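Counting in the UniProt record's numbering, the sequence shown runs from 196 upward without gaps.
Structure first, then comments.
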Amino acid sequence: NWTPASFVQETVAQLKQQIGDAHVIMALSGGVDSTVAATLISKAIGSRLHGIFVNNGVLRKNEFEKVLETYKQLDLNVKGVDASKTFYDALAGKTDPEAKRKVIGKLFIDVFQEESQKLNYIRFLGQGTIYPDVIESISVHGPSVTIKSHHNVGGLPDTMHLSLIEPLRFLFKDEVRKVGLELGIPSDMINRHPFPGPGLAIRILGEVTEEKAKLLQDADDVYVKALKSHDLYNKVWQAGAILLPVKSVGVMGDERTYEYTVALRAVTSVDGMTADWAHLPYEFLAHVSNEIINNVRGINRVVYDISSKPPATIEWE
Ligand code: XMP
């Protein structure tokens, strides 16, 4: 019978055999799946695992530093590559959601390939693919209509001639979490909400700029911290703030303001395929609205998204 401990033991033994004395390269995202997969591989081959974690400029506030610190604690050999400026440059003038996804996906591959060329003796590519990704990549990219091109599955070109190592390929999310806890990965990492590959870029409606990214990072940070401190974070599937390309009039002291609007989104869901808007307490929403408007210069209005999926989607882009 399946237990996290037996899975870890068997998988590590299997990985040792499969990889031998070769090296593995892997893109890490800061998410649960890639962290758990990397930790398993690292248990098998130590620093012959070469992780790459890219700052694309649209991560959450301080995420790049925080996640690298966690990897260090887990003794993972991960290189942080700060490519923010390159991403902002490439995103300039792009307003269409799919065009933004494409730019980010392509640039990510470029950065990853550049790093992998420095390690040209590597033969294996590690990936945090889990069972639902395998299923979804068949249905999303199959005959049915593609609503949003998720680029986190099979996103790397096979021109790299690397053999895949996917230790979580047959696990469901709850099993991945149990394995992660068994491996000693901190519980706040394990219980993270899903976060899209294109990050805040698809929560900044329209054109992404560095300035807007900073604004949204600050508002999102206030929101997420408040969810945690009010014991609501683990009661929702996913939550985040969205920066609307709309300015509205407000009043601050005796000054007229004309600034951006932020929408807050929180949903409950089991698999992300359908979702209900979360009925967060009014008092909580009032608190977050005040905190954002009083602390984030450049935002003077906060609204709450009360649409469910379908017909809306979780992300706004
Ligand atoms: P939607 O907006 O389609 O989102 O209801 C469903 C889930 O997928 C995530 N999502 C993405 N994840 N790349 C990703 O890696 C993407 O382009 C992308 N778009 C949406 C979304 O955050 C939610 O968890």
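Ideal placement from N, C-alpha and C gives every residue a C-beta, glycine not left out.
None of these values were measured; they are calculated from a predicted model.
### Per-residue DSSP class, three states only, for Q322
In the structure shown, Q322 sits in coil (DSSP, three-state: anything other than H, G, I, E or B).
### Query
Looking at V417 and P439, is the spacing between their C-beta atoms short of 8 angstroms?
Pro is not the amino acid found at residue 439; the sequence shown has Leu there. Annotated as distal: L439 and V417, with beta-carbon spacing of 8 angstroms or more.
### Message
When you measure from the CB of T508 to every non-hydrogen atom of ligand 1, does any distance come out below 7 angstroms?
### Response
Yes, the beta carbon of T508 sits closer than 7 angstroms to at least one heavy atom of ligand 1.
### Query
Could you give the residue range of the beta strand (DSSP E) that holds D277?
Here the beta strand (DSSP E) through D277 covers 273-277.
### Message
Quick check: F319 and I488, are their CB atoms within less than 8 angstroms of each other?
### Response
No. Outside cutoff.
### Message
Quick check: V329 and R296, are their CB atoms within less than 8 angstroms of each other?
### Response
In this structure, R296 does not lie closer than 8 angstroms to V329 by Cβ.
### Query
Comparing the CB of K297 with every heavy atom of ligand 1, is any distance shorter than 7 angstroms?
Incorrect: K297 has no Cβ contact closer than 7 angstroms to ligand 1.
### Query
Taking Cβ to Cβ, would you say Q322 is nearer than 8 angstroms to L357?
Taking C-beta atoms as the reference points, Q322 and L357 fail to come closer than 8 angstroms.
### Query
Can you name, in chain order, every residue of its own chain whose Cβ lies under 6 angstroms from the Cβ of L378, other than the five neighbours on each side?
For L378, where only same-chain residues beyond five positions count, the Cβ hits under 6 angstroms are T234.
### Segments of 4+ residues assigned as alpha helix (DSSP H) that fall wholly inside the stretch 471-502
Listed in chain order, the complete alpha helix (DSSP H) runs (minimum 4 residues) inside the stretch 471-502 are 477-490.
### Proximity to P393 [Cα-Cα], best of V207, I220, G252, S237
Cα-wise, what sits closest to P393 is G252.
#### Entry: Nearest candidate by alpha-carbon position, reference D216, set T324, S201, I236
Selected option, being the one with the closest Cα: I236.
### Query
Buried or exposed: T198, going by 16 or more other Cβ atoms within 10 Å of its Cβ?
Exposed is the call here.
### Query
Does at least one heavy atom of ligand 1 sit under 7 angstroms from the Cβ of I437?
No - ligand 1 has no heavy atom lying nearer than 7 angstroms to the Cβ of I437.
### Task
State the DSSP-derived secondary structure class of K442, mapped to helix, strand or coil.
Here K442 sits in strand by DSSP.
### Query
Which one of Q412, G246, S502 has the shortest CA to CA distance from G225?
Comparing Cα positions, the closest option is G246.
### Query
For F248, does the three-state DSSP call read helix, strand or coil?
In the structure shown, the three-state DSSP call for F248 is strand.
### Task
Check R398 in the structure and name its three-state DSSP category.
Residue state, collapsed to three classes: coil.
### Query
Roughly how far, in whole angstroms, is the beta-carbon of V227 from the beta-carbon of V306, given that I think they are within contact range, below 8 angstroms?
Actually they are not in contact, since the Cβ atoms of V227 and V306 sit about 22 angstroms apart, beyond 8 angstroms.
### Message
I'd like the ranges of any beta strand (DSSP E) spanning at least 3 consecutive residues and lying wholly in the stretch 218-268.
### Response
With a minimum length of 3 residues, the continuous beta strand (DSSP E) runs that stay inside the stretch 218-268 are 219-223, 244-250.
### Limits of the unbroken beta strand (DSSP E) element including I360
Where I360 is concerned, the enclosing beta strand (DSSP E) stretches over 358-360.
### Query
So does P391 have its beta carbon nearer than 7 angstroms to some heavy atom of ligand 1?
Relative to ligand 1, P391 has its C-beta within less than 7 angstroms of a heavy atom.
### Task
Can you check DSSP and say which residues form a bridge with L459?
According to DSSP, which records beta bridges pairwise, L459 is partnered with A436, Y499.
### Task
Taking only heavy atoms of ligand 1 into account, decide whether any of them is closer than 7 angstroms to the Cβ of Q322.
False, no ligand heavy atom lies under 7 angstroms from that Cβ.
### Task
Drop a sphere of 10 angstroms on the beta-carbon of G435, count the other beta-carbons inside from all chains shown, and report buried for 16 or more, exposed for fewer.
By the neighbour-count criterion, in which 16 or more other beta carbons inside 10 Å mark a residue as buried, G435 falls on the buried side.
### Query
Does the beta carbon of R364 fall short of 7 angstroms from some heavy atom of ligand 2?
This structure simply doesn't include ligand 2; it includes ligand 1 instead.
### 8 angstroms CB neighbourhood of V371 in its chain, flanking five on each side removed
Hits under 8 angstroms: V227, D228, V231, I325, L363.
### Task
Sort P476, G467, D471, V483 by Cα distance to P327 and report the nearest one.
Closest option to P327, Cα to Cα, is G467.
### Query
Distance, Cα to Cα, G337 vs Q268?
The predicted position of G337 is uncertain, since its pLDDT is 44 and thus under 50; a value taken from the coordinates is nonetheless stated next. Per the coordinates, the alpha-carbon of G337 lies some 40 angstroms from the alpha-carbon of Q268.
### Query
Taking Cβ to Cβ, would you say R255 is nearer than 8 angstroms to Q433?
No. Outside cutoff.
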